[in-house]
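K.L.:
Could you have a look at this structure, given as structure tokens, before my questions?
There are 2 protein chains.
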Amino acid sequence: MIPLHQRIRDEIEGLIRSGAWAPGHRAPSETELMAQYGCSRMTVNKAMSALAEAGLIVRRRRAGSFVARPRVHSTVLDIPDIQAEITARGETYGFVLLAAERRPADPDDGDEVELAGEGDLVALRGLHVAGGRPFALEDRLISLAAVPEAAAADFAAEPPGAWLLHHVPWTEAESRISAIGAEPAVAELLALDVGAALLAVERRTWRAGEPVTRVRQLFPGEAYDLIARFGPAR
Amino acid sequence: MIPLHQRIRDEIEGLIRSGAWAPGHRAPSETELMAQYGCSRMTVNKAMSALAEAGLIVRRRRAGSFVARPRVHSTVLDIPDIQAEITARGETYGFVLLAAERRPADPDDGDEVELAGEGDLVALRGLHVAGGRPFALEDRLISLAAVPEAAAADFAAEPPGAWLLHHVPWTEAESRISAIGAEPAVAELLALDVGAALLAVERRTWRAGEPVTRVRQLFPGEAYDLIARFGPAR
DNA sequence: CTCGCGAATATGTCTATACATATTGAACCG
DNA sequence: CGGTTCAATATGTATAGACATATTCGCGAG
């Protein structure tokens, strides 16, 4: 049984997404919807407030509720877990740990110093492999001040991304996406020509304001797409 | 005056984001919060339902409300309007229309055929310029079946992105982000070496299920970053 | 000791009502 | 004709109560 407020919400959302109600269109008032659905105003209000929160309508007192004009920016981007992504494609996933060391932050690198805080860093380099072929190169720094358990973790057994996900819940994250050419060392590891275009995803995460980790993942440009959608899919 | 349900919501969100309530932590029941804030259950419920909808807590009947473990995927990505982005940086913006033609869809290109529908296409190529230097190359197709007015528009005066935004509200969009090497023609237009890494953003938009436009924007890799954030910023 | 059943609990939904608040449009007055 | 006031309107917030539903816990029977 679908709750009534959800049904109202879904129906109106359908009218908007189908284009039947164009941006700017004025929706019926709560009183009208209340009569239309034979329910109380609170129920209608719950549906309409949810649509407003979702950004589908704009509500103005005395004036009414209007279909919002969608904004170009801020779509939802799926940055999937690499392992999950690969297995979802039906390919076998592997992770090769190329290097792992514990070291203090480079004092010339403000970024590292901030990440390390009072402690050392764990620096990792690893290769994500899909079906026997290199899929992504990952360079990661983990703050031991934030995650002391990382000193003893075996990242060859469990890739650092998955390990962190299980051990350290984060509260904030920032991802930065750019394109760079492959340097010789990187090109060799990814089995590409030097200078080949790579999609670079750099992500930093924090827990309660304290930096936890910074990771830079390099994907061969033609092998990987990031997709962001705005639309009927829920 | 901040509404009470919002205050409750904000306070609990603060406890979660600060890490005071770790993932898995059980929040007080609605009855307890109701006593704590001296309000009715509906008010507490509104706050907690909103937090649940936002994915910050998970609610289970009889069991209670628990702080959710954040998921890696689905962050919010800002895909800004290029013109707005450049002027925000304090640089002068310019758009150079390199080519514009009206033509039927290429029957060998299923993508174009779908976009065109029963009508022709407008095919445009233009260069976004920031402070006198090339910033992005844009190739765009507009469906005249969906937007007949595009046949008469002057895209040299108003860049097609802005023109479309003003004339055709869309209801769905999909963006695809990848990295490619610059081909000779592209490299020359962007004043780069052949093979230089480019960030490619391809976006398609629909209105009420009908394809409206498809645009491919190529940015010099080192000149532009896309940033996605998840965190306390609201 | 285990299984099944019923009671307790926490959330989920909904109603009817009340008052607050922003905004608009129209009536009124200078 | 222009500005001010005021009432109508639509949303915003909140209450108290009611019943529904899923899930867990504990008790008692086998």
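As given, the protein sequences belong to chains A and B, one line each in that order.
Under our numbering, the first residue of the first sequence is numbered 1, with each subsequent residue one higher.
Under our numbering, the first residue of the second sequence is numbered 1001, with each subsequent residue one higher.
Ideal placement from N, C-alpha and C gives every residue a C-beta, glycine not left out.
Does DSSP classify residue 128(A) as helix, strand or coil?
P.N.:
Here residue 128(A) is taken as the residue at index 128 of the first sequence, counted from 1. Residue 128(A): strand per DSSP, three-state reduction.
K.L.:
Measuring straight from C-alpha to C-alpha, what distance separates residue 86(A) and residue 1054(B)?
P.N.:
Translated into the one-based positions of the first sequence, residue 86(A) becomes position 86. Translated into the one-based positions of the second sequence, residue 1054(B) becomes position 54. Going from the Cα of residue 86(A) to the Cα of residue 1054(B) covers about 28 Å.
K.L.:
Could you check what DSSP says for residue 107(A) in three-state terms: helix, strand or coil?
P.N.:
Translated into the one-based positions of the first sequence, residue 107(A) becomes position 107. Here residue 107(A) sits in coil by DSSP.
K.L.:
Do residue 102(A) and residue 216(A) have their C-beta atoms within less than 9 Å of each other?
P.N.:
Taking the first residue of the first sequence as position 1, residue 102(A) is located at position 102. Taking the first residue of the first sequence as position 1, residue 216(A) is located at position 216. Taking 9 Å as the Cβ cut-off, residue 102(A) and residue 216(A) do not qualify as a contacting pair.
K.L.:
If the criterion is Cβ atoms closer than 9 Å, does the pair residue 1161(B) and residue 1182(B) meet it?
P.N.:
In the second sequence, the residue the question calls residue 1161(B) occupies position 161. In the second sequence, the residue the question calls residue 1182(B) occupies position 182. No; because the gap between Cβ atoms is not below 9 Å, this pair is not in contact.
K.L.:
So for residue 1010(B), helix, strand or coil by DSSP?
P.N.:
The count along the second sequence starts at 1 and reaches residue 1010(B) at position 10. Of the three classes helix, strand and coil, the one that applies to residue 1010(B) here is helix, per DSSP.
K.L.:
Between the Cα of residue 1084(B) and the Cα atoms of 1130(B), 1150(B), 1193(B), which residue gives the shortest distance?
P.N.:
For this step, residue 1084(B) is matched to residue 84 along the second sequence. Per the Cα distances, 1130(B).
K.L.:
Would you decide whether residue 1048(B) is buried or exposed? Buried here means 16 or more other CB atoms lie within 10 Å of its CB.
P.N.:
As a first step, residue 1048(B) must be located in the second sequence, where it is residue number 48. Buried, because 16 or more other Cβ atoms sit within 10 Å of the Cβ of residue 1048(B).
K.L.:
How is residue 178(A) classed by DSSP in three states: helix, strand or coil?
P.N.:
The residue labelled residue 178(A) in the question sits at position 178 within the first sequence. Note: residue 178(A) maps to strand in three-state DSSP.
K.L.:
Would you say residue 1159(B) and residue 1126(B) are within 9 Å of each other, going by their C-beta atoms?
P.N.:
Locating residue 1159(B) in the second sequence gives position 159, counting from the first residue. Locating residue 1126(B) in the second sequence gives position 126, counting from the first residue. Yes. Within cutoff.
K.L.:
Please classify residue 64(A): does DSSP put it in a helix, a strand, or coil?
P.N.:
For the purposes of this step, residue 64(A) is taken as the residue at position 64 of the first sequence. DSSP places residue 64(A) in strand when its eight states are reduced to three.
K.L.:
Does any residue of chain B bring its CB to less than 9 Å from the CB of residue 131(A)?
P.N.:
By one-based count along the first sequence, residue 131(A) stands at place 131. So, not an interface residue.
K.L.:
What does residue 143(A) touch in chain B if you count any residue whose Cβ is under 9 Å from its own?
P.N.:
In the first sequence, the residue the question calls residue 143(A) occupies position 143. Result: empty, since nearest Cβ-Cβ is about 15 Å, beyond 9 Å.
K.L.:
Where in the stretch 112-158 of chain A do unbroken runs of the alpha helix (DSSP H), each at least 4 residues long, occur, reported from the N-terminal end onward?
P.N.:
Whole alpha helix (DSSP H) segments, 4+ residues: zero.
K.L.:
May I ask you to report which of helix, strand or coil DSSP gives residue 1057(B)?
P.N.:
The residue labelled residue 1057(B) in the question sits at position 57 within the second sequence. Residue 1057(B) falls in the strand class under three-state DSSP.
K.L.:
Chain B partners of residue 226(A), CB-CB under 8 Å?
P.N.:
Translated into the one-based positions of the first sequence, residue 226(A) becomes position 226. Per Cβ cutoff of 8 Å: 1176, 1177, 1178.
K.L.:
Let me see if you follow: with CB-CB separation under 9 Å, is residue 1197(B) close to chain A or not?
P.N.:
Translated into the one-based positions of the second sequence, residue 1197(B) becomes position 197. It does; some Cβ of chain A falls within 9 Å.
K.L.:
Using 9 Å as the limit for Cβ to Cβ distance, is residue 163(A) near chain B?
P.N.:
Against the first sequence, residue 163(A) aligns to sequence position 163. Not one chain B Cβ lies under 9 Å of residue 163(A).
K.L.:
Taking contact to mean 3 or more Cβ pairs, one atom from each stretch, closer than 8 Å, check whether the stretch 56-71 of chain A and the stretch 18-29 of chain A are in contact.
P.N.:
Short answer: they touch.
K.L.:
On a CA-only basis, which of 1060(B), 1189(B), 1186(B), 1218(B) is nearest residue 1176(B)? Give me that one, please.
P.N.:
Start at 1 with the first residue of the second sequence, and residue 1176(B) comes out as number 176. Nearest option by C-alpha distance: 1218(B).
K.L.:
Quick one: Cα of residue 29(A) to Cα of residue 62(A), how far?
P.N.:
Within the first sequence, the letter at position 29 stands for residue 29(A). Within the first sequence, the letter at position 62 stands for residue 62(A). Near 10 Å, if we compare the C-alpha coordinates of residue 62(A) and residue 29(A).
K.L.:
Between which two residues does the alpha helix (DSSP H) containing residue 1186(B) stretch?
P.N.:
Residue 1186(B) sits at position 186 when you count from the first residue of the second sequence. 1184-1190 is the span of the alpha helix (DSSP H), which, as asked, contains residue 1186(B).
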